[in-house]
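Asks: Residue numbers (our numbering): 142 to 347.
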Amino acid sequence: MTIRSTFVIVAILFAPSAGARHRLARVDTESVSRAFRPVDVVVRPATQDDLGALNDVYNEYVVQSHATFDLEPTSLEWRQEWFGHHGRRGRYRVMVAVADGRVIGYASSSRFRPKPAYETSIEVSVYVAGEAVGRGVGTRLYRSLFAALLGEDIHRAYAGIALPNPASVALHERFGFKKVAHFTEQGRKFGRYWDVAWYEKALSPA
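1) Three or more C-beta pairs closer than 8 Å, one from the stretch 256–268 and one from the stretch 217–231: is that the case here?
2) At the level of alpha carbons, what is the spacing between valine 191 and asparagine 306?
3) Can you give the beta carbon distance from proline 186 to arginine 234, rounded, assuming they're within the 8 Å contact cut?
4) Going by beta carbon distance, what residues of the same chain come within less than 6 Å of arginine 162, once the five residues before and after it are set aside?
5) Buried or exposed: which applies to serine 174, given that a residue is buried once 16 or more other Cβ atoms fall within 10 Å of its Cβ?
6) Would glycine 231 and glycine 279 be called neighbours here (beta carbons separated by less than 8 Å)?
7) Quick check on DSSP: helix, strand or coil for serine 309?
8) By a C-beta neighbour count over all protein chains shown, 10 Å radius and 16 as the cutoff for buried, is threonine 209 buried or exposed?
9) Alpha carbon to alpha carbon, how far is lysine 319 from alanine 311? Give it in angstroms, no decimals.
10) Buried or exposed: where does glycine 301 fall if 16 or more other Cβ atoms within 10 Å of its Cβ makes it buried?
11) Reducing DSSP to helix, strand and coil, say where tyrosine 299 ends up.
Right, here's the structure in full:
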């Protein structure tokens with residue numbers, strides 16, 4: 142199998158336009174207040190059964206924001222293939238946040254580059270459903286992901302952030318990431334160019 146080459150930019154707590162916020166939050170007020178109290182959110186390893194909802198969370202960002210540089214929604218078939226390169230052990234994991242029985246966000250650690258010398262580096266991403274943004278879901282996802290990776294042979298974690306995205310920058314800095322690169326106008330989406338900052342976190346190897 143081959144994995145599609147995709148430039149994924151971390152999308153966490155992205156603040157879309159007013160119209161986009163309306164489209165991202167297609168749930169009624171009662172279900173939001175019921176489903177997304179922090180105490181009600183469970184973070185656990187993802188399963189095959191989560192992939193449809195997980196893919197829906199991601200595709201909202203594809204359509205509505207510059208936080209990912211995908212231009213077309215990803216298919217469930219592609220997502221299943223992507224998930225096949227992750228597991229419950231090893232460097233490459235996927236964690237989901239679940240509230241009221243449905244996935245409201247996920248975080249992943251994936252291969253940074255295909256060449257073998259890069260194997261001790263990972264790229265991390267986190268995406269939260271629009272209606273759950275600002276409720277600490279991203280923090281809980283990253284906390285669980287990095288806890289799961291303790292003891293793995295990982296030297297560095299990297300995250301790419303399409304700018305501006307101050308909430309994502311703040312989240313990564315809170316988890317010890319440092320800015321190591323800034324590329325100007327690296328991607329074009331929605332008829333304009335976007336800068337990308339890369340952040341690095343040192344991890345202890347096994």
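Glycine included, each C-beta is placed from N, C-alpha and C at the ideal position. Just so it is clear, the structure is predicted and the values come from calculations on it, not from any experiment.
Replies: This is what the structure gives:
1) The stretch 256–268, when compared against the stretch 217–231, does not touch it at the 8 Å Cβ threshold.
2) Reading off the sequence shown, one finds aspartate at residue 191, where the question assumed valine. C-alpha separation (whole angstroms): 27 Å.
3) Cβ atoms of proline 186 and arginine 234 come within 8 Å of each other, at about 7 Å.
4) Because arginine 162 carries a pLDDT of 41, less than 50, the predicted location of this residue cannot be relied on, and the following value inherits that uncertainty. Residues of the same chain with their beta carbon placed closer than 6 Å to that of arginine 162 are lacking, with the five preceding and five following residues left out of the count.
5) Note that serine 174 has pLDDT 43, beneath the 50 cutoff, so the model's placement of it is unreliable and the number below is only indicative. The residue in question, serine 174, is exposed, as its Cβ has fewer than 16 Cβ neighbours within 10 Å.
6) No, these two residues do not count as a Cβ contact at 8 Å.
7) In the three-state scheme derived from DSSP, where H, G and I count as helix and E and B as strand, serine 309 is classed as helix.
8) Classification for threonine 209: buried.
9) For alanine 311 and lysine 319, the gap between their C-alpha atoms comes out near 11 Å.
10) By the 10 Å Cβ count, glycine 301 comes out buried.
11) Of the three classes helix, strand and coil, the one that applies to tyrosine 299 here is strand, per DSSP.
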